[in-house]
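These notes are about the structure you will find just below.
Residue numbers (my numbering): 101 to 270.
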């Protein structure tokens with residue numbers, strides 16, 4: 101019986117040692133599934149890019165600036181290199197940043213004016229082949245612009261009041 105016990109223990113020890121050299125099959129299959137899925141995604145993207153490259157390209161003609169477009173620079177602010185301009189195009193305000201070509205929140209790029217540059221109080225815009233500019237005109241201090249609605253006169257400052265401390269006599 102001793103020989104049988106020894107053989108059984110030896111067989112158990114050999115099985116334990118051999119199991120250390122075997123890679124778990126489930127773990128390897130999980131990694132293989134991930135690699136296969138990544139390869140499928142990569143192949144699908146490459147095929148879509150190639151189809152898009154080979155497809156005939158039809159470009160929409162850029163919208164031409166209408167002669168009736170009214171472009172007015174209403175505000176110019178910021179620091180050099182980071183200027184912002186508010187331009188009214190046919191009465192609708194557009195916010196242009198010096199670093200961006202299109203106005204903020206533009207939904208139809210073909211219909212918008214594109215910013216070329218902001219220079220010396222002027223904004224230079226391009227739409228199709230037409231180039232437009234709008235400038236802020238300098239005004240004398242205290243004078244009002246014609247487009248600005250009249251305002252009520254400011255209230256005069258109140259005279260200082262003496263308030264005695266609580267519990268004390270004046």
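Beta carbons are placed, not taken as given, at the ideal position from N, Cα and C, and that holds for glycine.
Practice problem: Please state whether DSSP places residue 169 in a helix, a strand or coil. | Solution: Translated into the one-based positions of the chain shown, residue 169 becomes position 69. For residue 169, the secondary structure class from DSSP, reduced to helix, strand or coil, is coil.
Exercise. Give the secondary structure of residue 141 by DSSP, where H, G and I count as helix, E and B as strand, and everything else as coil.
Key: For the purposes of this step, residue 141 is taken as the residue at position 41 of the chain shown. In the structure shown, residue 141 adopts helical secondary structure according to DSSP, grouped into three states.
Exercise. Decide if residue 218 is buried, meaning its Cβ has at least 16 other Cβ atoms within 10 Å, or exposed.
Key: Counting from one through the chain shown, the residue named residue 218 turns up at place 118. With 16 or more other Cβ atoms within 10 Å, it is buried.
Exercise. Please name the residue in 113, 234, 233 and 214 whose C-alpha comes closest to that of residue 227.
Key: For the purposes of this step, residue 227 is taken as the residue at position 127 of the chain shown. Selected option, being the one with the closest Cα: 214.
Quiz item: When burial is assigned at 16 or more other CB atoms within 10 Å of the CB, is residue 177 buried or exposed?
Solution: The residue labelled residue 177 in the question sits at position 77 within the chain shown. Burial call: exposed.
Exercise. Report the partner residues of residue 195 according to the DSSP bridge assignment.
Key: Position 95 of the chain shown, counted from the start, is the residue given in the question as residue 195. Within the DSSP secondary-structure output, residue 195 pairs in a beta bridge with 186.
Quiz prompt | Expected contact under 8 Å - CB spacing of residue 196 and residue 187 to nearest Å | solution = Taking the chain shown and counting its residues from 1, one reaches residue 196 at position 96. Taking the chain shown and counting its residues from 1, one reaches residue 187 at position 87. Taking C-beta atoms under 8 Å as the contact rule, residue 196 and residue 187 qualify, at a distance of about 6 Å.
Practice problem: Enumerate in chain order the residues of its own chain whose CB-to-CB distance from residue 222 is below 6 Å, with the five nearest sequence positions on each side excluded. | Solution: Counting from 1 along the chain shown, the entry for residue 222 is found at position 122. Once the five neighbours on either side are set aside, the close Cβ partners of residue 222 are 233 and 235.
Practice problem: Determine, using beta carbons only, whether residue 181 and residue 154 come nearer to each other than 9 Å. | Solution: Here the question's residue 181 lines up with position 81 in the chain shown. Here the question's residue 154 lines up with position 54 in the chain shown. Contact flag unset, no.
Exercise. Note the first and the last residue of the continuous beta strand (DSSP E) segment covering residue 225.
Key: Your numbering for residue 225 matches position 125 in the chain shown. Under the DSSP assignment, residue 225 falls in the beta strand (DSSP E) whose first and last residues are 222–227.
Self-check item: 9 Å Cβ cutoff met for residue 172 and residue 225
Solution: If you number the chain shown from 1, residue 172 lands on position 72. If you number the chain shown from 1, residue 225 lands on position 125. Their beta carbons are not under 9 Å apart, which means residue 172 does not touch residue 225 by this criterion.
Quiz item: Under a three-way DSSP split, which group does residue 174 fall into?
Solution: Stepping through the chain shown from its first residue, residue 174 is reached at position 74. Three-state result, residue 174: strand.
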